[in-house]
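Undergrad: Pasting a structure below so you can have a look.
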Amino acid sequence: MDELTFPAGFRWGTATAAYQIEGAADEDGRTPSIWDTFSRTPGRVRNGDTGDIAADHYHRMAEDVALMKDLGVTDYRFSVAWPRVQPTGRGPAVQKGLDFYRRLVDELRAADIRPVATLYHWDLPQELEDAGGWPHRDTAERFAEYAGHVAAALGDRVATWTTLNEPWCVAFLGYASGVHAPGRTEAAASLRAAHHLNLAHGRAVQALRAALPRTAEVSLTLNVHALRALSGSEADRDALRRVDAVGNRIFLDPVFHGRLPEDLVADTAALTDWSFVRDGDLEVTATPVDSLGVNYYSPAVVGAGTSEAPSPWPGTEPHVRFVPAPGPRTAMDWPVDADGLYELLARLRDELPGTPLMVTENGAAYDDYADPSGEVHDPERVAYLRAHLAGVHRALADGVDVRGYFLWSLLDNFEWAYGYGKRFGIVHVDFASQRRTPKDSARWYADVIARGGLRG
Ligand code: PNW
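Add 1 to the 1-based position in the sequence shown for the numbering used here, that's all there is to it.
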C-alpha cells in the first residue's frame with residue numbers, strides 16, 4: 002500500500018472531557034454537577050464508580066500536557082467544567098475555577114499545542130437541573146451567560162471553541178432512556194431538551210462572538226449517527242428516516258438550515274406539539290458557525306420492528322429495531338466499521354457544502370495486555386485507529402474538507418455509565434497509583450503524527 006499522507010496543517014489531536022479525567026470534585030469551589038449526583042446514586046454507574054478522583058488530572062495537568070508534548074500532537078481538545086466556573090449555574094464566575102483552565106492553556110501553549118475548548122461535556126450544575134434542567138428554557142440563557150464568562154477569561158489564548166459536545170446524548174440518554182445523568186425517562190421532555198440545547202448553542206455562539214477576537218473559530222460537536230437500512234424495503238427505509246430525524250436532523254436542520262425537520266414533528270405528534278419552539282428561535286439556532294465537529298465510533302443498522310423502552314429515540318416506536326451488525330467488536334460491544342466514518346464524512350460534504358469538518362472524537366475501548374516488563378500492548382486499538390484514519394484519508398481524497406482528527410482518548414478515564422471498566426486511552430492509567438503508561442497505540446500515534454500520515 003502507498004503511504005497515506007495528510008495535508009500540511011492537518012490538526013492532530015487528542016480529546017478528553019472534564020468530568021471523565023479531572024477528579025477534585027469538591028475543590029476550589031466546585032459544586033456537584035448532574036454527573037456527581039448520578040454517579041453517587043447506587044445502581045446508576047457500574048461498580049458504583051464516580052468521578053470524585055478520576056485520573057486526578059486536576060492535580061496532574063502538567064504531567065499530562067508533557068505526555069502530549071511527547072506524542073507531538075498539534076492540538077488538545079478538553080472541556081471546561083461548568084460547576085467549577087459557575088457553581089450554581091448563575092451569577093459571577095469563580096476565579097479559582099477559571100485559573101485552572103488558564104494554567105492548562107498556558108501549559109499547552111508553552112508546549113506548542115493548540116487548545117480546543119469545549120464548553121459543555123455533560124456536567125450541568127445540579128442547581129440548574131433542580132430548576133428543570135435542559136427541558137427548561139432558561140437553561141439555554143444560563144449557558145450563554147456561562148459561555149461569556151469563559152470567553153472573557155480565556156479568549157486571548159484559546160482560538161478554537163466548541164459549544165456543546167453531543168447534544169443527542171445529553172437530550173436522549175439523559176432525559177429519554179435515562180442511562181446518563183440526570184437519569185430521567187420522559188420522552189416529551191427530551192424533545193424540549195433537544196430544542197433548548199440547540200437554542201443554548203446558538204445563544205452561546207452569539208456570546209462567544211461578542212467576547213472573542215474576530216479570528217476565533219466557533220463550532221459545535223455532534224455524534225452524527227452513521228446509519229444503514231437493513232434492506233431496501235420501504236419499511237426498513239422508513240425506519241432509517243425516523244432514526245435519522247431524531248438522531249441527526251433534529252440538530253443539523255436547526256443549526257445549519259434554521260428549520261425543524263417536518264417529518265420529526267409529525268413522528269412525535271403524540272408526544273408534543275413543539276409549541277416550545279418560539280418565534281425567532283430558529284434564527285438563533287442557525288447563528289453561523291465556522292466548522293462542525295463530528296464524533297464517530299461505529300455505525301448502526303436499523304430495520305422495521307420494535308425496540309426496548311425506554312429508548313433514546315422518541316418518535317421511532319414501534320417502527321424501528323436496531324440490528325446487531327456482524328463482524329469484530331470493541332470492548333463496548335460496538336462494531337468496528339471504518340467505512341461508516343468515510344460515509345458519514347461524505348454525507349456531510351454533500352449536505353453542508355462550505356462547512357469545514359473536524360473529527361473531534363474517534364477511538365475504541367479494548368482490554369489492555371500488560372507484559373511483565375510493564376509495557377501495555379493494545380494491538381486492536383492500533384488496528385482500529387489505523388483503519389479509521391485511512392477512512393479520513395479517503396474522505397480527504399474525495400474532496401471532504403476535514404481539518405483535523407482528535408483521538409478519544411488521551412487517558413483511560415471515567416467512561417460514564419460504564420465507570421472505569423472501559424478503557425479508551427492511548428495512555429494507560431493505574432487508578433490506584435495514578436501512574437500513566439503510554440500504550441503501544443501512543444507510540445504508534447506519535448509516529449503517525451511525526452510522518453504526517455500512515456505508513457503503507
Ligand atoms: C462519547 N451512544 O460518548 C463521548 O463524547 C465521550 O465522553 C465518551 O467517553 C465516548 O464517546 C466513548 O463512549 C458517547 O450511545 C456515549 O451512541 C454513548 C453514545 C455515543 C457517544
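We treat Cβ as the ideally placed atom computed from N, Cα and C, and that holds for glycine.
1. Would L129 and V151 be called neighbours here (beta carbons separated by less than 8 Å)?
2. Is N296 near the ligand PNW, judged by its Cβ being under 7 Å from some heavy atom?
3. With distances taken from CA atoms, which of A270, L165 and G405 is nearest T317?
4. Quick check: the Cα distance between D399 and G156, rounded to an integer number of angstroms?
5. In whole angstroms, what is the alpha-carbon distance linking S312 and A195?
6. Excluding the 5 residues preceding and the 5 following W445 in the sequence, name in chain order all residues of the same chain whose CB lies nearer than 7 Å to its CB.
7. Contact defined as beta carbons within less than 8 Å: I believe R229 pairs with P300. What is the distance between those atoms, to the nearest angstrom?
8. How should G375 be labelled, buried or exposed, when 16 other C-beta atoms within 10 angstroms of its C-beta is the threshold for buried?
9. Look up S80 in the DSSP assignment and give the residues it is bridged to.
10. Suppose only complete runs of 3+ residues qualify. What are the beta strand (DSSP E) ranges in the region 232 to 320, listed by chain order?
11. Over the uninterrupted beta strand (DSSP E) stretch that includes R404, give me the two end residues.
12. Count the other C-beta atoms from every protein chain shown that fall within 10 angstroms of the C-beta of G405, then say buried if there are 16 or more, exposed otherwise.
13. Under the criterion of a Cβ to heavy atom distance below 7 Å, does A18 qualify as lining the ligand PNW?
14. Under three-state DSSP, which class holds V66?
15. Quick one: which unbroken alpha helix (DSSP H) runs of 4-plus residues sit fully inside the region 119 to 170? Chain order, please.
16. Any heavy atom of the ligand PNW closer than 7 Å to the Cβ of F432?
17. Whose C-beta lies closer than 7 Å to the C-beta of E86 among residues of the same chain, with five residues either side of it excluded?
18. Tell me which residues share the same chain as L174 and place their Cβ nearer than 8 Å to its Cβ, disregarding the 5 neighbours each side in the sequence.
19. Taking 7 Å as the cut-off, is the beta-carbon of E362 closer than that to any non-hydrogen atom of the ligand PNW?
20. Quick check: what's the CA-CA separation for S191 versus V244?
21. Quick one: is the Cβ of N166 within less than 7 Å of any heavy atom of the ligand PNW?
TA: Taking the definition as stated:
1. no
2. It does: the Cβ of N296 is within 7 Å (strictly closer) of some heavy atom of the ligand PNW.
3. Its Cα nearest to that of T317, the residue A270 stands out among A270, L165 and G405.
4. 35 Å
5. 15 Å
6. V383
7. 6 Å
8. G375 is classed as exposed because its beta carbon has fewer than 16 other beta carbons within 10 Å across all chains shown.
9. T119
10. Fully enclosed beta strand (DSSP E) runs of no fewer than 3 residues occupy 292 to 296 and 301 to 304 of the region 232 to 320, in order along the chain.
11. V403 to W409
12. Under this definition G405 is a buried residue.
13. yes
14. helix
15. The DSSP assignment places 127 to 131 and 139 to 155 as complete runs of the alpha helix (DSSP H) inside the region 119 to 170, in order along the chain (cut-off: 4 residues).
16. no
17. Going by the sequence as given, residue 86 is Val instead of Glu. Closer than 7 Å at Cβ, skipping near neighbours: A94, V95, G98, L99, Y147, H150 and V151.
18. V180, H181 and P313
19. yes
20. 15 Å
21. yes
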